[in-house]
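Below: one structure, written as structure tokens.
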Amino acid sequence: MKYLTIGLLIVTFITISLANGASTNPRIIVIGAGAAGIATASRLYQRGLKNVTLLEASNRIGGRINTIPFAGGVVELGAQWCHGEVDNIVYEMVKEYPDLLKSSIVADDAALVLSDGERVPDSIVQKLSILAEEIVESEARQSYAGSLGEYFTETYWRRLQFDAVNYSDVSRELAEQFLVYYHNYERGYTAYDSWFEVAANETDSYQESEGNPVLAWNSTKGYSIILDIVSGNYPGATNNSIRTPVPLEQLIEFNKFVTNIEWDGTSDRQHVHVHTEDGSVYETDHVVVTVPLGVLKENHRSLFTPTLPAVNQRAISGIYFGTVNKIYLLFDKPIPQEVPNTISLLWYESDLQAIRNSVHEWTEAVSTFFRVDHHPNVLAAWLNGVEGRQAERMLDADIREGLLHLLSIFAKNTTFGNVVDVSRSKWSTNPLFRAAGIAAASRLYQKGFKNITILEASQRFGGRIRTTPFGGGIVELGAQWCHGEQGNVVYQLASVYPGLLKSSIIADEDAVLIRSSGV
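Going letter by letter, the sequence shown gives residues 13 to 531 in my numbering.
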């Protein structure tokens, strides 16, 4: 028996090879009933291995495919669209049912709007968007030694200056606003908190599929219809490889949080014992683990007996998380016609500082508002980064108030109806997921792990090292001094650069104790 972890959205096929003398009907446990778990169990069952049990820690299937009732229909708290048509396994499975997908409303009428309510001309938006995409996709970033943020910023300003004639209609202020917006957009698109913590020469390995990039689900079951298709339970299935209906309701046990997978490791024929939080113990021959990597990071030390190989443990320990969440607002009236299908937010610096100093500071996480297919009365928002995680712990009333405040800024001349319902995702605080995106720490790159991205739980890097502008210079809100020289790694790093350190003014003997009387 070998541990097998699957992190794919859909497992398209599994080849089974039974050793001589092995059971022709082995007991198999699949941990996790997300898309990967459902696909795995379905393929095993459809290949004739029907002694399969799915253990799911929650009370539903789908994982990050989370279609919920809302506004008289359904909305997606997780996966939203089918992105592209070529070499897209989801599209390949659905295309024989042409009525299941349609072009999303967000495919058209996208606007970049300034915090004074003015829309940036489409010609400028197109020009800057093309520039940004060229920088992100540039081969030159592969040889850049710094962060993605450094590379993008340097290249962005250089390109604007080099081709000043072409960008003559882009003011310095607008260029800065677009840069802030695009950073927020990218940290949502790629699920990191700051591009200054991601190596420029690291990519997310995501390959965009050709064809329509935003195909919406034209089904009363939304994205979750794909689970019916992959399990052979969609009416009229014709694909021979998936036409056998899988009785998922008979295979799945809900509310089964696996706490330990026990195997003595001495023989492939030794049985495995799977322990769950409620005290149940399952004896099996094979285990397939499809839990989210956030859960794996939090529990891998106690989950496997024996523990995973050191190389796997190091990789898991280096995983850090970004956040991408959605909020849906249901109004009692249709969204006004003048509201674009997508509103991306560009801040004036004074307005951004005002938000940061208000009770709505978390709304800086919002990169975009968008209309929702099939729901004329619903407007949704994307939230990214540390503020997105902060928002997960807030009350719906505060979320509603904050988003309405944003709309009063970016759509100040538009009158909306009253909000009658709110629904939102909370991926990071959900113990069964723990994150909406994953990446590996930079130290892993130096250890030979090349396919990595670095994420930080705030908008900035440094943690408790927090240097901030103040009084025409800088001050430290976190770590203040370098304490000592011998055995101090900070001193060792800084000492090779003469002039970086000096004795502090408070090291002098001019220190006094003063009573409350002033003496």
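Backbone N, C-alpha and C fix where the C-beta goes; we use that ideal spot for every residue, glycine too.
DSSP places residue 184 inside the alpha helix (DSSP H), whose first and last residues are 184 to 202.
By the C-beta criterion, the segment 375 to 383 is judged to be in contact with the segment 398 to 410, since at least 3 inter-stretch pairs fall below 8 Å.
Pairing residue 354 with residue 314 gives a Cβ-Cβ distance that is not under 9 Å. Distance from the CA of residue 63 to the CA of residue 57, rounded to the nearest whole angstrom, comes to 8 Å. Here DSSP, grouped into helix, strand and coil, assigns residue 161 to helix. Rounded to whole angstroms, the separation of the alpha carbons of residue 112 and residue 337 is 25 Å. The C-beta separation of residue 115 from residue 224 comes to about 6 Å, placing the pair in contact by the 8 Å criterion. The bridge partners DSSP lists for residue 357 are 125. Residue pairing from DSSP places residue 316 in a beta bridge opposite 273. The way I'd put it, the segment 319 to 330 doesn't touch the segment 413 to 429; fewer than three beta-carbon pairs between them come closer than 8 Å.
In this structure the segment 113 to 132 touches the segment 354 to 365; the number of beta carbon pairs closer than 8 Å is three or more. Less than 9 Å divides the Cβ of residue 136 from the Cβ of residue 186.
Under the DSSP definition of a beta bridge, residue 94 partners with 227. Secondary structure at residue 82: strand, using DSSP grouped into helix, strand and coil. In its chain, beyond the 5 residues on either side, no residue has a beta carbon closer than 7 Å to the beta carbon of residue 361. Only buried fits residue 189, as 16 or more other CB atoms lie within 10 angstroms of its CB.
Residue environment for residue 46: buried (at least 16 other C-beta atoms within 10 angstroms of its C-beta). Of all C-beta pairs linking the segment 336 to 350 to the segment 384 to 393, three or more are shorter than 8 Å, placing the two stretches in contact. The shortest CA-to-CA distance from residue 269 to any of 260, 292 and 275 is the one to 292.
The residues 221, in chain order, have a CB closer than 6 Å to that of residue 100 in the same chain once the five nearest residues on each side in sequence are set aside.
Scanning 228, 423 and 259 for the CA closest to the CA of residue 66 turns up 259. In this structure, residue 79 places its C-beta atom within 9 Å of the C-beta atom of residue 235. Looking only at 318, 477, 219 and 494, the smallest Cα-Cα distance to residue 488 is reached by 477. When DSSP states are grouped into helix, strand and coil, residue 208 belongs to the helix group.
No Cβ-Cβ contact shorter than 9 Å links residue 43 with residue 298. Of the candidates 383, 263 and 527, the residue whose Cα lies closest to the Cα of residue 122 is 383.
Burial state of residue 432 is exposed, judged by a 10 Å Cβ sphere holding fewer than 16 other Cβ atoms. Contact check for residue 363 against residue 183 fails: the beta carbons are separated by 9 Å or more.
A contact between stretches requires three or more CB pairs, one per stretch, nearer than 8 Å, and the segment 94 to 109 fails this requirement with the segment 152 to 166. For residue 54 against residue 242, the beta-carbon gap comes to about 6 Å, under 8 Å, which counts as contact. The distance from the Cβ of residue 267 to that of residue 71 is about 6 Å, consistent with a contact at the 8 Å cut-off. Following the DSSP letters along the chain, one finds residue 39 in no alpha helix (DSSP H), marked with neither H nor E.
In the three-state scheme derived from DSSP, where H, G and I count as helix and E and B as strand, residue 493 is classed as coil. Counting along the chain, the unbroken alpha helix (DSSP H) around residue 417 starts and ends at 408 to 422. Contact check for residue 437 against residue 90 passes: the beta carbons are separated by less than 9 Å.
Looking at the backbone, the Cα of residue 428 and that of residue 76 are separated by about 31 Å.
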